[in-house]
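> Quick note, the sequences are listed as chains Z and G, same order. 641 is the number that this note's numbering gives to position 640 of the first sequence; each next residue is one higher, with no gaps. 68 is the number that this note's numbering gives to position 28 of the second sequence; each next residue is one higher, with no gaps. If you scroll down you'll find the structure; I have some questions about it.
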Amino acid sequence: MSDMETGDWRVGVDIGGTFTDVVLWREGSENLVQVKLLTTPDDPSRAVLDGVGEALAEAGIGAAQLTSVVHGTTLVANALIERKGVATALITTQGFRDVLEIGREWRYDLFNLDIEMPTPLVPRRLCLEIDERLDATGAVDTPLDLEQLPGIIAALGAADVKSVAVCLLHAYLNPAHEQAVGSAIAQAMPGLAVSLSSAVSAEMGEYERTSTTVANAYVHPIFRDYVERLAGALQELGYSRELLLVLSDGRGIAADVAVKYPIRLVQSGPAAGAEAARLFGELARQRDILCFDMGGTTAKACLIHDGEPERTVNFEVARETRFAEGSGLPLLIPAIDMIEIGAGGGSIARVDQRGLLQVGPDSAGADPGPACYGRGNEFPTVTDCDLLLGYLDADSFLGGKMKLDRAAAEKAIQTHLADHLGISATEAAWGVHETVTANMAQAATIHAIERGLDATRFAMLPIGGAGPVHACSMARKMGIARLVCPAGAGVASAIGMLAAAKSFEIGRAAPAELSSLDFAKAADLLREMAEEASALVSSAGAEEAEVTRRFSVMMRYVGQGYEIEVPVSLEMIERQDREALSAGFSECYSNRYGRSEDMPAELLSWRLAVTGQRSTLGDTLGQRSVAGVAAPVSKTTRPVWFDAGFVETPVYKRADFGTGSRITGPAIIEENESTLVLPAGFQLSVDAALNLILETTS
Amino acid sequence: MSKTELNAVRLGLIWRRLDGIVDQVAETFLRAAFSVVVRDNYDMAFSVFDSQGRQLTQSKRSIPSFMGTLPRTLDAVLEKFPVSQLNPGDVIISNNAWIGTGHLNDISMVHPIFRGDELVAFAASTAHTVDIGGAPSPSAKDCFEEGLCIPICKIVVAGQDNPVVLDFLTENLRQPAETLGDIRAQFAAYRDCNVKLMSLMDEEGLDDLIPVADEIIARSEQSMRAAITALPDGRYSDGFDIDGVDVPLRVECTVTIDGDQLSVDFAGTSPQVPWPINSVLNYTQAYARYAVKCLVDPDAPNNAGSLAPVHITAPEGSLFNATPPAPVWGRHLSGHYVPAAILGAMAPIMRDHIVAESGSPLWNVYFAGRHDDDRGNFVKMFFMNGGHGARSHGDGPGCLSFPSNVSNQPIEAFEHQVPMLVREKAFIPDSGGAGKYRGGNAQRLVFEARGDNPITMTIRHERIHYPPRGLLGGLPGRAGVDMVNGEIIEAKSRSVLESGDQVVFETPGGGGLFAPSERDDDLIKQDIESGLTTAAAAREFYEYE
């Protein structure tokens, strides 16, 4: 690349558990500068600066030429998982101090007599009550007793609290009492971080809203300090323009807004990965994508339906038991809907009491990692099995940077599995590979059913180090006939950050039955929301003219347990068009469930997504076609196990392929960060965006 | 290995797929279900059986009440309709409490699955329906008051709806659209199950499921027998009194471990009563199996093999094996004591893996009345849990459902549906029984009636006279209390509330485990700091100053 190029330079930075990825891109260019380096857990901003510096040097530009830095981080999630937040207090309505510990009174594991319920982030002695009460219409039942505040403030001071959450009953309808408490505390204790539930998450449901507000408060000061440090460090590099942060729903927002709502960043990195999957899917002209991300410690699935990632407002973090829904802290925040479908390449395999193979949920993680890493784990993992089966190569793992110990893998499988089952080590390894793939296929299929979607109609997009190893087998088990393997999947989250639009979503609970909905009041609420959201997004640098607003309302039939999102327009609400709203709901409902009912409907909450201009990254990447050889020739072969035996299989480098190249399985295609296993029965072609397109032939 | 050889790897994959099929099919049904308890609390079960009627698997998302009930339902169905009378596309229905799950609100159905002309499997399901007609009340004297009993009959005959059965249902239910909607959703799930099972058999080259079923059942049975063998042989007994309706009732339980067999017998338990709190044997067995699985082999699969080594009996005509026409609607008011009896009996040999008694049977309250605005009438059921019993390795969690698993409802949502304000929902200090590990705290709920129209309140609460017991030296939890305007009311009663009336419910606290003298001082200190234990109680029970 020539030095000192001008134009809009943007950089995306993703801090993951193991690696920090940096991607640098000049608007309009089809080239991306990619840098991957180890995360620096003691001070994550160090790896960021090193990576950005390296990328800038490679592009031959200075930091001053950057126009935006987009960033995602696991800091918030880690602080919650490791319980490393600050001393936090909760102020709640008289009579409700135990809302966090009582929770939903429900056991997440029916058969385990020793289950641990999540420990609240605020100890009971710091859950303080104040006399006040709103009723279910938001009207004041008991006025706020301001005279109790000095006592509460003294208690906060005595306990050396650093952050406080205020969550009062029905405050999602009327924030006045929370605001009065908040400003009194801010006045008396200027250094204290204050989170109000009406601002953090104006949703109905006191346990979940309190949990969300408390989690926000718990990480608030840490996150604020981190962003300040990062901005300062970037400034030292010579960069002083906007710093955008990626939220859990894949939207980007200015750092000064993000620091108020750090809980919105709990799934920051993975959400950007889903944005990347959306972008890659767009490039391959696939609007329905199942993104399958399998790394060393986790395997995740996310559905992109009709070009948009599936979203949720019910999130859960820091689970006591892996995969056990309900064992963590609930968060009511807009998030891309992803589920963990497995424990990744580090999942440990064993023989259970019934003499059958089980894989996971326990994992050897990244450290000590699989037996073949030679770091002291003696138990066989999925990665060990993949190595024995020839899917992975001991010498070319991570581009040859890390040599794997095949003998250690074989010994682990022989001792712990094959000897117990009376079969060969390779057969046992094949069993583990098939079992873990079947588990993931089932979990992903059920996830789709839960969303009212049919997974067989989706194309699979595998990312992560181990995703492409298991993808074809998993697709076949799910009845999926088409896969898309994008270029640059190894730094997908960082690419997704560049693709993310500046955007923010807010929600306001306002339960009402459709038949008695007060439209004038609803229109007022929507206008108020529009004002609030516009202010947040324009501060993120989006020009007012580019901003689009999308209103929607969560609705269901009265008495149902799940609600669905129904798009609405402000104009429709202003003209009080009950019939249009009803018809819109029926249509959305029957799209999802295949029928609609003749029953009364109700509204739960209004939502608004305000979005600035979309990134043009997709337009340019779509044209980076590199003409390829029609039938590339492999330079090497190796024995690879398929179904019932080893087959001498050609091994390709991804770089061997260009647009128009075409081969059929069996084959192995290696990249630096991952290996694609292409079994017989699949054909591979390369499209104009350099995606590998895999299709079943039988 | 050859494709057709049934080694451990291949068996494991097929088994996993069978499990996956019922889970997928159950999820398809859940998404379309109307009944709120079905969707929110998984008050349903889906199972697959082989052609001999042996249960192979049951959906994971389910509740204890349905453990092993569908095999009995299928047996009864086959008694009436032998295989020779079953055709592709048939669906057989019944909600008979004695062959089903113990009350009429659970409708069970069975669908034979054919491969060509050959019967290869059965799909079966049970799901709760809110209304089943009739007039269920806390004073029902027999099962006929409790709603419509659907005899074993074909609701679908060779793919065609049976109009007679559908008409009977439509005429006898208050909300036929919802109930029939749930029933039809299960038909769709059966079709789905059919297709998925056929592709499994095609892809695995299986002509019938028997060889796979033999292996699944043998391995499950072996594993359960091995787990039982590891327990010391002997007879272990427990007995205690429970509140009952008009007079206290007795529960007696003997667990016998003999080599690789475990049997539970309830001889000595009170006779059935003319109140709707009786448990049919099927319901008793479900909760007994649940307790045994938790204690002996929590990972045991839910199939005929795992169930085989465990025998559960109760004298005919007793509270735990009631005979028709006993009223059974509130069967949980006796049945939820079944795990307590088994845990109590086995505690001496399970010191490392036991739970003291919890604040159950589950508490609920019905509020019925009329909104002041144009929303019309309302009937609202509200659940509240007591403290969980102390466990072998730690305190019992406060307010956690056991042995059932029913969540609470957000107060903010409740107040939108019912013209009441909840003034308090908080732990009651000192309500968990003392012990090395203390029981979980109970909760106090204060409801205030607000509307202009009166509200009728119906409650049926237990553990007022006999609080949850501690085990192995632990002390009992606090008994429950029900009050209106400061006056104690009957725990099984109906009251009318006027605007301004205040109702207080104090659920029972969990029992403690092991002697209080063994409790760690740090834990006592923490409890005093948090306020879950008062200094006075610490002094009284732990001699802590």
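Positions of the beta carbon are idealized from the N, C-alpha and C atoms, including for glycine. All values reported here derive from a predicted model rather than from experimental measurement.
#1: Just list the alpha helix (DSSP H) runs in the stretch 264-304 of chain Z, keeping only unbroken ones of 4 residues or longer that don't cross its boundaries, in chain order.
#2: With a cut-off of 8 angstroms, does the C-beta of G/Cys233 fall near any C-beta of chain Z?
#3: Who are the neighbours of G/Gly395 on chain Z, taking C-beta pairs under 8 angstroms?
#4: For G/Leu511 and G/Gly551, I'd like the C-alpha separation in whole angstroms.
#5: Using the rule of at least 16 other Cβ atoms within 10 Å of the residue's Cβ for burial, across every protein chain shown, is Z/Ser606 buried or exposed?
#6: How about the stretch 512-523 of chain G and the stretch 544-559 of chain G: do they share at least three Cβ pairs that are nearer than 8 angstroms?
#7: For chain G, find out if any of its Cβ atoms is closer than 8 angstroms to the Cβ of Z/Arg351; answer yes or no.
#8: Could you tell me whether any Cβ in chain G is nearer than 8 angstroms to the Cβ of Z/Thr665?
#9: Give a yes or no on whether the minimum CB-CB distance between G/Phe487 and chain Z is below 8 angstroms.
#10: Between which two residues does the alpha helix (DSSP H) harbouring G/Gln95 extend?
#11: Determine the DSSP secondary structure at G/His1, reduced to helix, strand or coil.
#12: Beta-carbon within less than 8 angstroms of Z/Arg376's beta-carbon, same chain only, minus the 5 sequence neighbours each way: which residues are those?
#13: Ends of the alpha helix (DSSP H) at G/Glu530?
#14: Check whether chain Z comes within 8 angstroms of G/Lys120, counting only Cβ atoms and requiring the distance to be less than that.
#15: So the candidates are Z/Thr676, Z/Ala631, Z/Gly646 and Z/Thr313; which of them puts its Cα closest to the Cα of Z/Ser686?
#16: With a floor of 4 residues, list each alpha helix (DSSP H) that falls wholly inside the stretch 344-432 of chain G, ordered by position along the chain.
#17: Would you kindly check if the distance between the Cβ of G/Gly274 and the Cβ of G/Pro311 is under 8 angstroms?
#18: First and last residue of the beta strand (DSSP E) that includes G/Phe554?
#19: Listing by chain order, which chain Z residues have their CB less than 7 angstroms from the CB of G/Asn525?
#20: Is G/Met264 helix, strand or coil when you go by DSSP?
#21: Give the DSSP bridge partners of Z/Tyr590, in chain order.
#22: For Z/Asp620, which of helix, strand or coil comes out of DSSP?
#23: Do the stretch 190-202 of chain Z and the stretch 105-122 of chain Z touch if we need at least three Cβ pairs shorter than 8 angstroms?
#24: Can you tell me the Cα-Cα spacing of Z/Ala372 and Z/Ile342, whole angstroms?
#25: Looking at chain Z, which residues of the stretch 442-464 of chain G have a Cβ within less than 8 angstroms of any of its Cβ atoms?
#26: In chain G, what lies closer than 9 angstroms to Z/Thr436 by C-beta?
#27: Using alpha carbons as the reference points, say which of G/Glu580, G/Val462 and G/Lys476 lies closest to Z/His171.
#28: Is Z/Gln359 helix, strand or coil by DSSP?
#29: Between which two residues does the beta strand (DSSP E) containing Z/Val314 stretch?
#30: Per DSSP, Z/Trp642 forms a beta bridge with which residues?
#31: Would you tell me roughly how many angstroms separate the C-alpha atoms of Z/Ala513 and Z/Asp257, rounded to the nearest one?
#32: Ignoring anything shorter than 4 residues or poking outside the stretch 86-167 of chain Z, list the alpha helix (DSSP H) runs there in chain order.
#33: What does a CB cutoff of less than 8 angstroms around Z/Asp338 pick up in its chain, not counting 5 residues either side in sequence?
#34: Using 8 angstroms as the threshold, is the C-beta distance between Z/Val145 and Z/Leu174 below it?
#35: Near Z/Glu649, what residues of its chain come up, given a Cβ to Cβ distance below 6 angstroms and the 5 sequence neighbours on each side ignored?
#36: Less than 7 angstroms between C-beta atoms, sequence neighbours within five positions excluded: which residues of the same chain meet that for Z/Gly63?
Per the coordinate set shown:
#1: With a minimum length of 4 residues, the continuous alpha helix (DSSP H) runs that stay inside the stretch 264-304 of chain Z are 269-284.
#2: No, its Cβ sits nowhere closer than 8 angstroms to a Cβ of chain Z.
#3: Before going further, note that residue 395 of chain G is Val rather than Gly in the sequence given. Contact note: G/Val395 reaches chain Z through Leu114, using a C-beta cutoff of 8 angstroms and chain order.
#4: So the alpha carbons of these two residues sit roughly 7 angstroms apart.
#5: Residue burial annotation: Z/Ser606 is buried, with at least 16 other C-beta atoms found within 10 angstroms of its C-beta.
#6: Here the stretch 512-523 of chain G lies against the stretch 544-559 of chain G, with 3 or more beta-carbon pairs under 8 angstroms apart.
#7: No, Z/Arg351 lies away from the interface with chain G (no Cβ there is under 8 angstroms from its Cβ).
#8: So, not an interface residue.
#9: Chain Z, which has no Cβ nearer than 8 angstroms to the Cβ of G/Phe487, makes this no.
#10: Per DSSP, G/Gln95 belongs to no alpha helix (DSSP H); it is in the beta strand (DSSP E), Gln95 to Gln98.
#11: The question about residue 1 of chain G has no answer, for chain G in this structure spans 41 to 585.
#12: The beta carbon of Z/Arg376 sits closer than 8 angstroms to those of Asp368, Pro369 and Gly370, all from its chain and outside the five residues before and after it, given in chain order.
#13: It is not in any alpha helix (DSSP H) - G/Glu530 carries neither H nor E in the DSSP assignment.
#14: For G/Lys120, the answer is no, since every Cβ of chain Z falls outside 8 angstroms of its Cβ.
#15: For the residues Z/Thr676, Z/Ala631, Z/Gly646 and Z/Thr313, the minimum Cα distance to Z/Ser686 belongs to Z/Ala631.
#16: The qualifying runs are 344-347, 372-375 and 377-386.
#17: G/Gly274 sits away from G/Pro311, with the two beta carbons spaced by 8 angstroms or more.
#18: Where G/Phe554 is concerned, there is no enclosing beta strand (DSSP E), given that its DSSP letter is neither H nor E.
#19: Against G/Asn525, chain Z offers no close residue; the least beta-carbon distance is about 18 angstroms (beta-carbon pairs closer than 7 angstroms).
#20: Correct three-state label for G/Met264: helix.
#21: Looking at the DSSP output, Z/Tyr590 bridges to nothing.
#22: The answer is helix: DSSP assigns Z/Asp620 an H, G or I state.
#23: Because the criterion of three Cβ pairs below 8 angstroms is not met, the stretch 190-202 of chain Z and the stretch 105-122 of chain Z do not touch.
#24: Distance from the CA atom of Z/Ala372 to the CA atom of Z/Ile342, rounded to whole angstroms, is 22 angstroms.
#25: Here the close residues are Phe442, Asn445, Val446, Ser447, Asn448, Pro450, Ile451, Glu452, Ala453, Glu455, His456, Leu461, Val462, Arg463 and Glu464.
#26: The answer, in chain order, is Val49, Gly52, Leu53 and Arg56.
#27: Its Cα nearest to that of Z/His171, the residue G/Val462 stands out among G/Glu580, G/Val462 and G/Lys476.
#28: Assignment of Z/Gln359 by DSSP, reduced to helix, strand and coil, places it in the strand class.
#29: Taken as a continuous stretch (DSSP letters only), Z/Val314 belongs to no beta strand (DSSP E), as it is neither H nor E.
#30: DSSP lists Z/Phe647 as partners of Z/Trp642.
#31: Rounded to the nearest angstrom, the two C-alpha atoms are 34 angstroms apart.
#32: Counting only unbroken stretches of 4 or more residues, the alpha helix (DSSP H) elements lying wholly within the stretch 86-167 of chain Z are 100-103 and 150-159, in sequence order.
#33: Contacts found: Cys303, Leu304, Pro310, Glu311, Arg312, Thr313 and Arg452.
#34: The question names Val, but residue 145 of chain Z is Leu in the sequence shown. 8 angstroms or more divides the Cβ of Z/Leu145 from the Cβ of Z/Leu174.
#35: Cβ within range, chain order: Thr638 and Pro640.
#36: Spatial neighbours of Z/Gly63 in its own chain (CB-CB distance under 7 angstroms, excluding positions within 5 residues in sequence) are listed in chain order as Leu57 and Gly239.
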